[in-house]
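In our numbering, the protein residues as written are 1 to 687.
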């Protein structure tokens, strides 16, 4: 045992000698010699470790902002908002230095007096090196601890051993040589954990006192300075009495060092610790202040389409500017639960896209995103292709036909039920006949315009018979932007000659459906759905990708995806679905506004849909049971159209909306030079 003690003592003396040589500075061998002495004993200091402590960006909160600049949610692992020295009240630095490292401004990163005192205590007690850490050493320790990605790395960063203390001291010397004292102190104040989930002084000031770090009072600064030693035990919210005792220790120390007068000390000691909890920022999409489903969609877009990593989002301190319009979002949120309560087994999904840009303005569901239990889900229902959207697909057949020799005046007579002359029951052109019937009573003879408005199943299967193949309508749907209709699915429908395509049985994404319809209502410009308009790095510069180029956050649009004359004519025709007495979506009507749309109902009424639009907003609504195929009750002109009306009414009430452009006479089938008395029920189309 005697030799063990002697060995410890010799080891301690050697280490102490290295440290003293390393920090004694000008009065011994100079800083350069100190650095060489430490390096000679342990090898060179890792440049990566020095960079990590001195210049690597501190993990910060990524803010996700709505179109008006308001906060949607924050992404972060650590609640930290780095601030500059000018944004920190000077008394905060004074209080911290006084209690943690009163010789901070005179030593070279390692305090020889404190270190030797700790070593002597260690040797006499037979324990490992403890105490004596400067603010610079604490900065090193906190950085390595917080950046450790494994439990082993965390253990190494906090190991109570002489080897770890020596490594920490050598790094502290290198940091002190690299940074000014002011920079070391600022970086430490931005790094250290203050408890209650708050990293850095700005987060701590907001968490405990609901103020910025620049506005901290001496009492508040003393309270925070006392926290860094044991943030859990001294938490002023959870343990105000303990926190006050620790704060008073700091106040006495500030007084002893001449930074607090006798009168101020007496007044401060008599003042109890008072907190004004500011809460924590809304972490992740489950805590989003608005648009939880939109938030989830944005995160997937950032990592998928834009190629950012989860780590960049969670600690990069980025600013994400999105397209969400809070007023449109909240109106949708209220509308979906008004018609389909949150505790209903049915899901009501509402997506809004801006025609001509593809900007996603809102995503509402009669569910709460990210929680568990009744009325909760983490499934991205606004984008998921869960159920069919029924007769909304008739638009794709009509759009293709109007570009290939047919006009809106094209008239045919179809019986009810109607037996297809081309397609068969199970697909293909051979086998049992494909028989279809209408969901209501329709005239046997209709023109294309009225058939689209009244939603005649028999007419549109008959139109597919005239076309001779489903390939055209299928590819038209993709061309307009129905991305949930993948190439594989499309080819399967085409190869199988599935005549039911025009009746919309395929699982459809509500967002993609809105986007495809927006192509029509924009005048023919197809735009990919876009939820993000800018991504800024922590320093405010445009974020770059792995290739060094700025992330592509622009609109992705293709003009002329649908010829403008066809687009304008279809918009005018579909006004009849909402505004005429023969339409199926009269519930979506809002007086004083030009609204066009199309309803849809799948077989067995397992889902109902409506897509409606003004020139400014295109919105889709789907109602279905996400767990099983059951009759949801009614048709697309019921629940879905009602939700659309209730969601859009307050939005449109905010100001006037434009009228849709006039229909093209040739596409309508109006004789050249003649009048345009083209009507749908009681509605005269503009042409």
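Note that CB positions come from ideal geometry on N, CA and C, so glycine has one too. Here the structure is a predicted model, which is why all the values come from computation and not from measurement.
Close Cβ partners of residue i (< 7 Å) along its chain, the five nearest in sequence each way excluded
{"i": "residue 456", "result": "438, 442 and 446"}
{"i": "residue 461", "result": "418, 420, 436, 499 and 502"}
{"i": "residue 251", "result": "222, 260, 265, 268 and 269"}
{"i": "residue 227", "result": "194, 195 and 234"}
{"i": "residue 71", "result": "63, 65 and 289"}
{"i": "residue 657", "result": "593, 594, 614, 615 and 616"}
Assigned secondary structure, residue i (DSSP; H/G/I helix, E/B strand, else coil)
{"i": "residue 442", "result": "coil"}
{"i": "residue 81", "result": "coil"}
{"i": "residue 453", "result": "helix"}
{"i": "residue 239", "result": "coil"}
{"i": "residue 65", "result": "strand"}
{"i": "residue 506", "result": "coil"}
{"i": "residue 433", "result": "strand"}
{"i": "residue 380", "result": "coil"}
{"i": "residue 527", "result": "strand"}
{"i": "residue 25", "result": "Here the model assigns residue 25 a pLDDT of 39, short of 50, so the residue's position is not dependable, and the following value carries that caveat. Note: residue 25 maps to helix in three-state DSSP."}
{"i": "residue 60", "result": "strand"}
{"i": "residue 183", "result": "helix"}
{"i": "residue 412", "result": "strand"}
{"i": "residue 679", "result": "strand"}
{"i": "residue 580", "result": "coil"}
{"i": "residue 555", "result": "coil"}
{"i": "residue 147", "result": "helix"}
{"i": "residue 597", "result": "strand"}
{"i": "residue 203", "result": "helix"}
{"i": "residue 258", "result": "coil"}
{"i": "residue 589", "result": "coil"}
{"i": "residue 314", "result": "helix"}
{"i": "residue 691", "result": "The displayed coordinates of the chain run from 1 to 687. Any statement about residue 691 would go beyond what the structure contains."}
{"i": "residue 210", "result": "coil"}
{"i": "residue 470", "result": "coil"}
{"i": "residue 280", "result": "coil"}
Nonlocal neighbours in the same chain, by C-beta distance under 6 Å from residue i, ignoring five residues either side
{"i": "residue 557", "result": "525 and 527"}
{"i": "residue 364", "result": "332, 333, 336 and 350"}
{"i": "residue 476", "result": "396, 399 and 400"}
{"i": "residue 484", "result": "385, 508, 509 and 512"}
{"i": "residue 583", "result": "453, 576 and 577"}
{"i": "residue 82", "result": "58, 60 and 190"}
CB-CB length for residue i against residue j, believed under 8 Å
{"i": "residue 139", "j": "residue 170", "result": "That pair is no contact at about 14 Å."}
{"i": "residue 207", "j": "residue 277", "result": "7 Å"}
{"i": "residue 444", "j": "residue 397", "result": "19 Å between Cβ atoms; not a contact."}
{"i": "residue 87", "j": "residue 210", "result": "Going by Cβ atoms, the distance from residue 87 to residue 210 rounds to 16 Å, so no, they are not a contact pair."}
{"i": "residue 362", "j": "residue 294", "result": "7 Å"}
{"i": "residue 172", "j": "residue 258", "result": "Going by Cβ atoms, the distance from residue 172 to residue 258 rounds to 26 Å, so no, they are not a contact pair."}
{"i": "residue 163", "j": "residue 154", "result": "Contact flag wrong, Cβ pair sits at about 16 Å."}
Of the residues the options, the one placed nearest residue i, counting alpha carbons only
{"i": "residue 111", "options": "289, 137 and 193", "result": "137"}
{"i": "residue 555", "options": "306, 135 and 238", "result": "306"}
{"i": "residue 178", "options": "49, 300, 685 and 565", "result": "49"}
{"i": "residue 530", "options": "574, 553 and 686", "result": "553"}
{"i": "residue 594", "options": "608, 578 and 601", "result": "578"}
{"i": "residue 538", "options": "286, 580, 158 and 314", "result": "314"}
{"i": "residue 389", "options": "600, 470, 189 and 490", "result": "600"}
{"i": "residue 328", "options": "626, 662, 68 and 55", "result": "68"}
{"i": "residue 230", "options": "245, 219, 217 and 216", "result": "245"}
{"i": "residue 168", "options": "549, 151, 145 and 542", "result": "145"}
{"i": "residue 660", "options": "113, 568, 299 and 176", "result": "568"}
{"i": "residue 160", "options": "141, 450, 320 and 658", "result": "141"}
{"i": "residue 416", "options": "459, 602 and 225", "result": "459"}
{"i": "residue 238", "options": "255, 256, 262 and 273", "result": "273"}
{"i": "residue 407", "options": "374, 669 and 95", "result": "669"}
{"i": "residue 325", "options": "617, 344 and 683", "result": "617"}
{"i": "residue 346", "options": "203, 287 and 625", "result": "625"}
{"i": "residue 291", "options": "381, 338 and 372", "result": "381"}
{"i": "residue 95", "options": "253, 53, 199 and 198", "result": "253"}
Spatial neighbours of residue i in its chain, beta-carbon cut-off 8 Å, leaving aside the 5 residues before and after
{"i": "residue 341", "result": "366"}
{"i": "residue 768", "result": "The first residue shown for the chain is 1 and the last is 687, placing residue 768 beyond what the model contains."}
{"i": "residue 566", "result": "399, 402, 403, 524, 664 and 667"}
{"i": "residue 590", "result": "645, 648, 649 and 652"}
{"i": "residue 426", "result": "432"}
{"i": "residue 39", "result": "Caution is warranted here: a pLDDT of 42 is assigned to residue 39, below 50, making its placement in the model unreliable, and the coordinate value is therefore given only provisionally. Once the five neighbours on either side are set aside, the close Cβ partners of residue 39 are 45 and 170."}
{"i": "residue 271", "result": "219"}
Cβ-heavy atom distance, residue i to the ligand NAD, below 6 Å
{"i": "residue 238", "result": "For the structure depicted, the ligand NAD is absent and the ligand set is empty, with no information on it obtainable."}
Is the region 94-105 touching the region 346-359, taking contact as three or more C-beta pairs under 8 Å?
no
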